[in-house]
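A.B. asks: Next up is a structure, given as structure tokens.
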Amino acid sequence: MNNFWRTCFGVFLAALLVCQPQAVLAAGVPPPDPMPDVRFGAVEAWMEPAAAAAVRVGWDRLLIDWYKYQPELAESWVPSADDDARVNTALAAGREMVLLLRGTPAWATDGAERASPPRGLHFPVAAKSNLWANFVRRVVKHYKGRVSRYIIWNEPDIAVGDGGAQFNGSIEQYYRMVKIAWLVAREEDAQAKVHLAGLTYWHDTVNGRAPFLQRYLAVAAADASARNNNYYFDAATLHIYFRPQSVFDLITLHREFLAKHGLTQPIWLNETNAAPYDDPLLPWPNPFVYVTMEQQGAFVIQAFALALAAGAERAAVYKFAEVSGSLPGFDYYGLYRTDMTARPAVESLRAVTTHFAGVRATSFVARPTHYIVRLDRGTLVTRVLWARGALPASVRLLPTAGAGAAVLYDQFGVRRTRLLADRDGTYKLALPGADCSRPRTDCVVGGATFLLVEEMRQTPAAQRLLPLALPGAALVPANGQ
């Protein structure tokens, strides 16, 4: 995460949903498999592993700092017992750990420690002088059998001078580092996958640069060997904050960048969140956008839903918990505070891991007044609904063919009611509008968000996308359907 997000966003959530008159209370649908769905994650869940297991976080990210693992010379090797324990604890809970490699040691670079590319990138990957190749090799060998995914650096699209830069090399040097990591990782572990660093997108846009992935792919295309090796990476990565709509838009845009080169790698949303200003225990008195803790909960569900609608393979909230010693007055994103008390958005993440789990196909309706994201889950169907702007939205939904019970949950996973179809055979819902009245807001987070979960009487023999709403709705299919 980077403080750059002070340029863009904000908004407020509103009241409760009003259901049709004949709605009555009823038991909920059956819970999902207790093992977590690996697609729904939280960064730094390792800080509170018991809570992460209870919320059923499916994957986590752990920073591996090169300068700590090899602090002196290439011959030194000081693997972290703490990192080993974090990986092992996550695996025991069914949570995949993804490693992010970064942080050049001073002895390995002619530039600034940590942010500069290392010496020796031009040497063959088997050469002792290729310091980066040797580090990657040792990391992959150390974690083989426990970890199979490696992210190469973090937010290289933040240029030196923008503030918060973590990589001060060229795109050509970064491409060389990714290529080396891909070649070496696969030599050591046939199951290894290399991910591009998380990109912010906005740093390039605001500073008048072409998007980093576009420029990176142009460099890769000039390498004659890249085409036959999938451009030497297995997944692209995005970091998107505050505006749920940007999740859909930017994943779609970056998929287009890949498609222009004939590439089909999955896209992961590794960081997403909206920091609240109104937490009495960690207040943010001068926010660049006003987001309440209620809105943070809505954001979590909206962002994960739109990530799936855009075809993302995985998504994760940043971050699960705050570090100790956090002081009031800053933008804190953690779902858990430093004292392990929970913000309301913890329950929103739990709603995601519960009611999104097992999704097989996703489709999306974008109306001027509201969104509907439909998740087909085999024995269950979840529809996620919210108003886009300040005006409330009235929605009529067709029950899914073959569905039995239909239960409505709010954005914190609280069961509100069982829905019964009206005389015309539809569910009628009223979605409250967002409060867009605060300064520096533009309805960037929609209104209060709801989940309509239907239990299928039998699992469909073949999965296909069904209409989300009444005929005439704009159906935007996702995931190639």
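Just remember that my numbering sits 3 ahead of the position in the sequence shown, which is counted from 1. Note that beta-carbon positions come from the ideal geometry of N, C-alpha and C, so glycine has one too. As the structure is a prediction and not an experimental result, all values here were calculated from the model.
Pairs of beta-carbons, one from the region 298 to 317 and one from the region 438 to 448, closer than 8 Å: are there three or more?
C.D. replies: yes
A.B. asks: DSSP three-state label for M296, please.
C.D. replies: Indexing the sequence shown from 1 puts residue 296 at position 293. It is helical.
A.B. asks: Please confirm whether D40 and T356 have their CB atoms less than 9 Å apart.
C.D. replies: Here residue 40 refers to the residue found at position 37 of the sequence shown. Here residue 356 refers to the residue found at position 353 of the sequence shown. A contact, by the Cβ cut-off of 9 Å.
A.B. asks: Roughly how many angstroms lie between the CA atoms of N232 and K182, to the nearest whole one?
C.D. replies: Along the sequence shown, read from residue 1 onward, the residue named residue 232 stands at position 229. Along the sequence shown, read from residue 1 onward, the residue named residue 182 stands at position 179. About 10 Å.
A.B. asks: Have a look at the DSSP bridge pairing and note the partners of D379.
C.D. replies: Here the question's residue 379 lines up with position 376 in the sequence shown. D379 is bridged to A364, V384.
A.B. asks: Which residue spans inside the region 133 to 188 form an unbroken alpha helix (DSSP H) run of at least 4?
C.D. replies: 134 to 146
A.B. asks: Provide the residue(s) that pair with F453 in DSSP beta bridges, ordered along the chain.
C.D. replies: If you number the sequence shown from 1, residue 453 lands on position 450. Answer is L388.
A.B. asks: Per DSSP, G201 forms a beta bridge with which residues?
C.D. replies: Against the sequence shown, residue 201 aligns to sequence position 198. DSSP output for G201 lists T240 as bridge partner(s).
A.B. asks: Considering only residues of the same chain and omitting the five flanking positions on each side of L121, which have a CB-CB separation below 6 Å?
C.D. replies: Taking the sequence shown and counting its residues from 1, the one referred to as residue 121 is at position 118. In the sequence as presented, Leu is not what sits at residue 121; that position holds Pro. T107, A111, T112, L134, W135, listed in sequence order.
A.B. asks: Check whether the region 377 to 391 touches the region 265 to 276, taking contact to mean three or more Cβ pairs, one atom from each stretch, closer than 8 Å.
C.D. replies: no
A.B. asks: Can you tell me the Cα-Cα spacing of T403 and E457, whole angstroms?
C.D. replies: Looking up residue 403 in the sequence shown gives position 400. Looking up residue 457 in the sequence shown gives position 454. One C-alpha to the other measures close to 8 Å.
A.B. asks: I'd like to know whether the C-beta atoms of V187 and V143 end up nearer to each other than 9 Å.
C.D. replies: Position 184 of the sequence shown, counted from the start, is the residue given in the question as residue 187. Position 140 of the sequence shown, counted from the start, is the residue given in the question as residue 143. Here V187 is near V143, since their CB atoms are less than 9 Å apart.
A.B. asks: What separation, rounded to the nearest whole angstrom, lies between the Cα atoms of R340 and D282?
C.D. replies: Residue numbering aside, residue 340 sits at position 337 when the sequence shown is read from its first letter. Residue numbering aside, residue 282 sits at position 279 when the sequence shown is read from its first letter. Take the alpha-carbon of R340 and the one of D282: they are about 10 Å apart.
A.B. asks: Just to confirm before moving on: does the CB-CB distance between P279 and D237 stay below 9 Å?
C.D. replies: Residue 279 sits at position 276 when you count from the first residue of the sequence shown. Residue 237 sits at position 234 when you count from the first residue of the sequence shown. It is not a contact, given that the beta carbons lie outside the stated cut-off.
A.B. asks: Please name the residue, chosen from Y178, T208, N210, that lies closest to L199 on a Cα-to-Cα basis.
C.D. replies: Translated into positions along the sequence shown, residue 199 becomes position 196. Among Y178, T208, N210, the Cα nearest to that of L199 belongs to Y178.
A.B. asks: May I ask you to report which of helix, strand or coil DSSP gives L102?
C.D. replies: Working through the sequence shown from its first residue, we reach residue 102 at position 99. Looking at L102 - three-state DSSP - the assignment turns out to be strand.
A.B. asks: Taking the beta strand (DSSP E) that N276 falls in, what are its first and last residues?
C.D. replies: On the sequence shown, position 273 is the one that residue 276 refers to. That run of the beta strand (DSSP E) goes 270 to 276.
A.B. asks: According to DSSP, is M38 part of a helix, a strand, or is it coil?
C.D. replies: As a working note, residue 38 is residue 35 in the sequence shown. Coil at M38, not helix or strand.
A.B. asks: Give me, in chain order, the residues of the same chain whose beta-carbon lies closer than 7 Å to that of E116; leave out the 5 immediate sequence neighbours on both sides.
C.D. replies: Here residue 116 is taken as the residue at index 113 of the sequence shown, counted from 1. Around E116: Y70, T107, P108, A109.
A.B. asks: Reducing DSSP to helix, strand and coil, say where L401 ends up.
C.D. replies: Position 398 of the sequence shown holds residue 401. Residue state, collapsed to three classes: coil.
A.B. asks: With respect to the beta strand (DSSP E) encompassing W62, which residues constitute its N-terminal and C-terminal limits?
C.D. replies: As a working note, residue 62 is residue 59 in the sequence shown. Residues 62 to 68.
A.B. asks: How close, in whole Å, do the beta carbons of D86 and I67 come, if the pair is a contact with beta carbons under 8 Å?
C.D. replies: The residue given as residue 86 occupies position 83 in the sequence shown. The residue given as residue 67 occupies position 64 in the sequence shown. Rounded, the Cβ-Cβ distance is 7 Å, consistent with contact.
A.B. asks: Just reading off the beta strand (DSSP E) that T420 is part of, what are its end residues?
C.D. replies: Your numbering for residue 420 matches position 417 in the sequence shown. In the DSSP assignment, T420 falls within the beta strand (DSSP E) that extends over 418 to 421.
A.B. asks: Do the region 193 to 208 and the region 238 to 258 meet, that is, are 3 or more Cβ pairs less than 8 Å apart?
C.D. replies: yes
A.B. asks: Count the other C-beta atoms from every protein chain shown that fall within 10 angstroms of the C-beta of N276, then say buried if there are 16 or more, exposed otherwise.
C.D. replies: On the sequence shown, position 273 is the one that residue 276 refers to. Looking at its Cβ environment, which holds 16 or more other Cβ atoms inside 10 Å, N276 is buried.
A.B. asks: In three-state DSSP terms, what is V326?
C.D. replies: Within the sequence shown, numbered from 1, the residue matching residue 326 stands at position 323. The answer is coil: DSSP assigns V326 none of H, G, I, E or B.
A.B. asks: Please report how far the alpha carbon of A345 lies from the alpha carbon of L338, in whole angstroms.
C.D. replies: Reading the sequence shown from its first residue, position 342 is the one you call residue 345. Reading the sequence shown from its first residue, position 335 is the one you call residue 338. Rounded to whole angstroms, A345 to L338 spans 6 Å at the Cα level.
A.B. asks: Based on the DSSP output, what are the partners of M343 in its beta bridges?
C.D. replies: The sequence position of residue 343 within the sequence shown is 340, counting from 1. Under DSSP, M343 shares a beta bridge with no residue.
A.B. asks: Which same chain residues end up closer than 7 Å to A118 when comparing Cβ atoms and leaving out the 5 residues on each side of it in sequence?
C.D. replies: By 1-based counting over the sequence shown, the position of residue 118 is 115. A168, Q169, F170, N171, listed in sequence order.
A.B. asks: Report all residues from its chain with a CB closer than 8 Å to the CB of E175; omit the five preceding and five following residues, and keep chain order.
C.D. replies: By 1-based counting over the sequence shown, the position of residue 175 is 172. The residues are V222.
A.B. asks: State the beta-bridge partners of T356 as determined by DSSP.
C.D. replies: Walking along the sequence shown from the start, residue 356 turns up at place 353. Note: T356 sits in no beta bridge, so no partner.
A.B. asks: Establish whether the CB of Y280 and some CB of chain C are separated by less than 9 Å.
C.D. replies: The structure shown contains no chain C; it holds only a single protein chain.
A.B. asks: Using the Cβ count rule (16 or more neighbours within 10 Å means buried), how would you classify H257?
C.D. replies: If you number the sequence shown from 1, residue 257 lands on position 254. H257 is buried by the Cβ-count criterion.
A.B. asks: In angstroms, rounded to a whole number, what distance separates the CA positions of L455 and Q217?
C.D. replies: Position 452 of the sequence shown, counted from the first residue, corresponds to residue 455. Position 214 of the sequence shown, counted from the first residue, corresponds to residue 217. Cα-Cα distance, rounded: 38 Å.
A.B. asks: Rounding to the nearest angstrom, what Cα-Cα distance links Y336 and D427 in this structure?
C.D. replies: Translated into the one-based positions of the sequence shown, residue 336 becomes position 333. Translated into the one-based positions of the sequence shown, residue 427 becomes position 424. About 44 Å.
A.B. asks: Grouping DSSP H, G and I as helix and E and B as strand, with all else coil, what is Q25?
C.D. replies: Taking the sequence shown and counting its residues from 1, one reaches residue 25 at position 22. Any answer about Q25 is weak, because its pLDDT of 25 lies below 50 and its placement is not dependable; what the coordinates show is given next. Q25 falls in the coil class under three-state DSSP.
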